[in-house]
Each structure stands twice: as structure tokens, then as C-alpha cells.
């Protein structure tokens with residue numbers, strides 16, 4: 065995050081508000097490009113799953129729900145694979161770009177979950193889910209946000225590794241072996257996808273709860289009167 069802070073006077077009320085440049089262009093670019101690529105990969109992944117909706121003899125196809133065609137992308141197995149593998153490269157490139165920016169700009173220190181954040185997780189959980197008192201916010205991201213964002217980066221890496229094991233089980237046989245074989249690599253890849261979707265659902269709920277000002281900060285970069293300014 066840039067340290068830029070400006071004051072804006074409302075033309076209607078005359079109230080002076082502070083605005084912080086919270087999300088640099090690189091973060092916003094990676095965020096929205098990743099959102100699009102993830103949407104395409106999930107939809108095309110469901111199309112691939114529709115071609116063989118089974119996880120082995122213990123969970124045969126007849127015992128699984130067939131994913132609705134309306135939520136799948138590609139029209140057939142080959143089409144789903146084309147979409148999936150094309151956007152896989154965009155997904156990887158976006159991840160490398162984002163992580164590279166975070167490291168070289170040192171912005172990662174604001175979003176990376178560290179041992180000192182552990183104590184702050186429960187107060188945020190109590191506030192969001194059990195109507196507890198709102199903890200004092202001193203940073204751009206609270207401890208629960210840091211835990212979520214750090215975890216989803218790890219899930220992104222796992223989605224790549226499990227995906228490579230499923231895509232090229234011979235060339236990446238060592239990856240498949242580490243995951244218990246091709247069969248288990250496929251299961252892990254599917255499970256990681258649902259974990260990411262769980263994060264996305266929670267993320268969207270938080271966006272709605274925090275309102276337009278928070279959403280606009282990911283579009284324009286600026287956020288008015290953030291709590292951590294203490295105003």
C-alpha cells in the first residue's frame with residue numbers, strides 16, 4: 065500500500081474526509097485478472113468433471129450428482145480442457161506477477177499472516193460470527209483477513225501442483241507420487257477447488273457487509289476514512 069493520504073471535502077455537506085491509496089494498480093490488476101481466470105477455470109473444470117464424474121470404485125458415478133451443464137464451460141471434454149489449459153497459464157502468470165510485486169514492493173508485510181497475528185484472530189471471529197465487540201483496527205488488514213489471504217495463496221499453489229499432477233501424470237510422476245498417485249491427485253485437486261470457492265464465498269459476503277466504499281477501493285485504489293486511521 066502507498067502511504068499517500070489526501071483530504072477530500074464533500075461538495076454536499078462540506079465534510080472533510082481522509083482518503084488512503086490502499087490498493088496499488090498492480091494489486092488491483094492481479095485481483096481482477098485472477099477473478100476472471102478463476103471463474104473460467106472453475107467452470108471449465110466442472111465441464112471436465114462432467115466427462116467422468118467419479119472418484120473410483122468406492123465412489124462410483126451413479127452415486128455422484130451430475131454437475132448442471134449450465135454452470136460448465138466448454139460444451140464437451142475437449143472444449144473444457146482447451147478453456148482450462150489456456151486460462152491455466154493466465155492463472156499462473158497472474159500469481160507470479162502478484163507474488164513478485166508483493167516481494168519487491170515489500171507490500172507483503174501488510175497481508176502476510178505471522179505468529180504475532182494469531183492472538184488477533186479469535187476477536188475478529190467473535191466480532192463477525194458471534195456479535196462480539198469490534199476489535200480496534202490498526203492495520204490495513206486485520207488478523208483474520210491476513211489468515212484468509214495467506215491461506216488462499218497456499219491453496220493457489222496447491223491447485224497448481226495438483227493440477228500439474230493430473231494434467232501430466234507421467235512427466236510429473238514425482239508430484240503424483242507425493243499426493244498418493246493419480247487417483248488421489250485428482251481428489252486433492254477437486255478438494256482444493258472447493259476450498260478456494262469457500263474462500264470466494266466468504267470474500268463476497270465480506271464485500272457486501274463492508275459496503276460500497278470498500279468495494280470502490282479495489283476499483284480506484286482509494287478508500288475513504290478507513291478504520292485504521294483512527295479518525
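Numbering (our numbering), first residue to last: 65 to 295.
Cβ coordinates follow ideal geometry from the N, Cα and C atoms, glycine included.
Check: Reduced DSSP secondary structure (H/G/I, E/B, other) of residue 252; Outcome: helix
Check: Contact check, residue 219 vs residue 228, beta carbons under 7 Å; Outcome: no
Check: C-alpha distance - residue 224 paired with residue 258, whole-angstrom precision; Outcome: 14 Å
Check: Inter-stretch contact (C-beta, 8 Å, three-pair minimum) for the stretch 255-275 and the stretch 168-178; Outcome: no
Check: Residue 154 to residue 91 span [Cα, whole Å]; Outcome: 15 Å
Check: Residue nearest to residue 193 in terms of C-alpha spacing, selected from 287, 266, 166 and 215; Outcome: 266
Check: C-alpha distance - residue 274 paired with residue 149, whole-angstrom precision; Outcome: 35 Å
Check: Cβ pair count under 8 Å reaching 3, the stretch 131-151 against the stretch 109-118; Outcome: yes
Check: Spatial distance of residue 291 from residue 230 (CA atoms); Outcome: 44 Å
Check: Helix, strand or coil at residue 205 [DSSP, three-state]; Outcome: coil
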